[in-house]
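What follows is a set of notes on a single structure, which appears directly below.
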Amino acid sequence: MRPFALAAVAALALGCGAAGGGTLKSGLKGKVTRGPITPVCHVNVPCSEPARGVKLLFYRSGKVVARATTNNKGWYQIGLKPGAYSVRTNRPGFERMPTPSRTTVPSGRYRRVDFQLDTGIR
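First residue of the sequence shown: 2, per our numbering; consecutive thereafter.
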């Protein structure tokens with residue numbers, strides 16, 4: 002019974018992929034910002050800010066396949082298999098759909114993609 006249990010755990014660990022913390026040589030990294038943060042933007046005054054603690058949800062074929070959370074400065078990094086992904090956030094309203102909302106992961110490297118979240122402030 003023990004060899005079977007060990008084999009089952011090993012098979013599960015190998016099948017975890019990007020969302021399960023597997024090591025991938027491809028993925029995305031970048032910064033997420035939200036704005037505008039004021040109704041009127043002025044020269045030399047930031048009109049956006051880092052989106053802290055935002056959960057990015059990466060979809061393929063309509064299913065969430067991976068998640069990444071931004072740090073206190075709005076940065077994220079996630080290992081993903083090469084291919085096309087749709088992206089959403091855990092935020093309500095306008096901020097749910099980042100720009101861009103679709104991206105492609107290249108093979109063998111991390112691509113930088115910065116996302117912007119529209120606050121709806123005008």
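Every residue gets a Cβ at the ideal spot worked out from N, C-alpha and C, and that includes glycine. These numbers were taken from a predicted model, which means no experiment stands behind them.
So for residue i, helix, strand or coil by DSSP?
| i | result |
| --- | --- |
| Arg97 | helix |
| Ala8 | With a pLDDT of 45 at Ala8, under the threshold of 50, the modelled position of this residue cannot be trusted; read the value that follows with caution. The answer is helix: DSSP assigns Ala8 an H, G or I state. |
| Pro51 | strand |
| Thr105 | strand |
| Arg112 | strand |
| Arg35 | strand |
| Leu25 | coil |
Given that a residue counts as buried once 16 or more other Cβ atoms are within 10 Å of its Cβ, and exposed if not, what is residue i?
| i | result |
| --- | --- |
| Pro99 | buried |
| Phe95 | exposed |
| Ala67 | buried |
| Thr34 | buried |
| Thr39 | exposed |
| Gly124 | The structure shown does not extend to residue 124, since the chain is modelled only from 2 through 123, so no value can be given for it. |
Can you give me the C-alpha to C-alpha distance between residue i and residue j, rounded to a whole angstrom?
| i | j | result |
| --- | --- | --- |
| Pro37 | Ala69 | 23 Å |
| Val119 | Thr104 | Checking the sequence shown, residue 119 turns out to be Asp, not Val. Whole-angstrom Cα-Cα distance: 18 Å. |
| Leu29 | Phe59 | 11 Å |
| Lys74 | Gly80 | 19 Å |
| Leu25 | Ala85 | 16 Å |
| Val51 | Lys32 | Contrary to the premise, residue 51 reads as Pro rather than Val in this sequence. The straight-line gap from Cα to Cα measures roughly 8 Å. |
| Val65 | Arg97 | 14 Å |
Ranges of the beta strand (DSSP E) found wholly within the region 61–91, counting only runs of at least 3: 64–70, 76–80 and 84–90
_Tell me whether the region 48–61 and the region 80–91 touch, counting them as touching only if at least three CB pairs, one residue from each stretch, are closer than 8 Å._
yes
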